[in-house]
Each structure stands twice: as C-alpha cells, then as structure tokens.
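Residue numbers (the numbering used here), protein chains in the order written: chain A, 1 to 15; chain B, 1001 to 1220.
Reading through the structure tokens given below for one structure.
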C-alpha cells in the first residue's frame, strides 16, 4: 500500500 | 440520476503551442491529460452510490484495476458524434494521421472499434454513466477483501441499468445484456493501452506525472 500514496491520499480527501 | 449528476465535465489537453508536433509531444500531452483525468475520476468514484462505503483498501483495489477502462470509456463516449476520430479532450481530437504520428494507430483503432459498437447501439448518456460505474465495480481485482460488499455494489449498479432499460427501452428486453457484453472488449482494449504506456514508460522519453505512473505500476 506504501507504493500507492497518491491514490490513497486522493481517496481520503473529503472532496 | 446520481451518476448523471456525478459525471465530470470535459477537460482540456492544452498542448504546448510552442513545441513542434512530434510523437513525444503527442504522448506527453496524452500522459498529462490522463494524469489530470485520473484525479477527476477518483473524485467521481466517490460519488458512485455505495462506493465510499467500501473499505479504503477495496476502493483502491478497484481503481487500480479499472482506471484505464474508465479513461477509455470516457474517450469513447466523447467520440460517438464523430467519424474515425477520438476525442481525447475537447481541444485534442486524434485522427488516423495523428494516431500514426504518435505511434498509437493500433491502440486508437482498437478504441474506435468500441466507438463503432456503441454508435451502432445508440449508447445514451444514462447507459454510459452506469456502464462506467459497472466497469469499475467489476474490475476483477484479485486483492478484494470484502467480496460480498463489492458484489452488492455490482448488483445495485446492474439493477440500475436493468431498471433504466425496462422503462426506456421496452422494445429491446436484451439491451442491458447487450451493453454488459461490450465490457470484454473494453477490458481487452484497456489491457492493450496499459501495455503500450508501460513500454513508453520503460523508454523513458515521455515525462509522466506521479498518479499516472503510480497506477501504471499497479498494473505492471
């Protein structure tokens, strides 16, 4: 999962 | 109705007018466009009813499997009004000659086969938005933790497609099935696209943004 930081961040953002 | 509201606006490719046309320029433009579209598509996925209730890990797994199908289906839908041209963006339409120049003739012809199929069927926007959500929910990731939750999401979306056809296309009781039967060609085309852009990445001559790279690597 470490490798997929940006996807993870974008999904966590509330927008 | 929720999917129609969630559907993102078209975006612009804005190719650099100061750079002379070349394969590298075309591919750089497309990779930049794909990266921005991916951000938009992740935002879109969060508006699919039921998707945000999945675990974060399962949301990631579905997007890592289905992202290229979503990108391609959007290009296909934008291209329905044209003949033998692909509308990658409102300001970036590729014809056969440009496809050749970019080294994308085979890939673009495969995408045009999908365009032809949906044109013949008269694909409507309502059907397109549900089909795109189904492609994501049905992206067959091998890493799904909660298969039942993903199955429920598939059922809800499949049900929406069937309800739409039952009220709008009574004359063709098999239309929902016909639409679902277009998904193998979408899967196959997306796999070709991923393969092609992975080899472009290996070449290292085309700059790629981080999200696009991250998702290409998830497929490698």
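Even for Gly, the Cβ is constructed at its ideal location relative to N, Cα and C.
Under the three-state DSSP convention, the category residue i falls into
i: residue 1054 (chain B); result: coil
i: residue 1173 (chain B); result: coil
i: residue 1188 (chain B); result: helix
i: residue 1145 (chain B); result: coil
i: residue 1036 (chain B); result: helix
i: residue 1047 (chain B); result: coil
i: residue 1159 (chain B); result: helix
i: residue 1028 (chain B); result: helix
i: residue 1150 (chain B); result: helix
i: residue 1 (chain A); result: Per-residue confidence for residue 1 (chain A) stands at a pLDDT of 48, beneath the threshold of 50, marking its modelled position as unreliable; the derived number appears in the next sentence. Residue 1 (chain A): coil per DSSP, three-state reduction.
i: residue 1005 (chain B); result: helix
i: residue 1012 (chain B); result: coil
i: residue 1140 (chain B); result: coil
i: residue 1021 (chain B); result: coil
i: residue 1182 (chain B); result: coil
Start and end residues, beta strand (DSSP E) containing residue i
i: residue 1102 (chain B); result: From DSSP, residue 1102 (chain B) is part of no beta strand (DSSP E); its letter is neither H nor E.
Boundaries (first-last residue) of the alpha helix (DSSP H) holding residue i
i: residue 1128 (chain B); result: 1125 to 1137
i: residue 1122 (chain B); result: Unbroken run through residue 1122 (chain B): none, as it is neither H nor E.
i: residue 8 (chain A); result: 5 to 12
i: residue 1218 (chain B); result: 1210 to 1219
Interface partners of residue i on chain E, CB under 9 Å
i: residue 1214 (chain B); result: Within the model displayed, chain E is absent; protein chains A and B are what it includes.
Open item on the list: At 4 residues or longer, what runs of the alpha helix (DSSP H) sit wholly inside the region 1056 to 1096 of chain B?
Closed with: 1056 to 1078
**OP:** Identify each residue in the region 1168 to 1182 of chain B for which the Cβ-Cβ distance to at least one residue of chain A is less than 7 Å, and report them in chain order.
**Re:** none
**Prompt:** Which residues, taken in chain order from the region 1195 to 1210 of chain B, show a beta carbon closer than 7 Å to some beta carbon of chain A?
**Reply:** 1210
Which residues, in order along the region 1039 to 1051 of chain B, keep a beta-carbon less than 9 Å from a beta-carbon of chain A? 1039, 1042, 1043, 1045 and 1046
Practice problem: Report the residues of the region 1059 to 1078 of chain B with a CB closer than 8 Å to any CB of chain A, ordered along the chain. | Solution: 1059, 1060, 1063 and 1064
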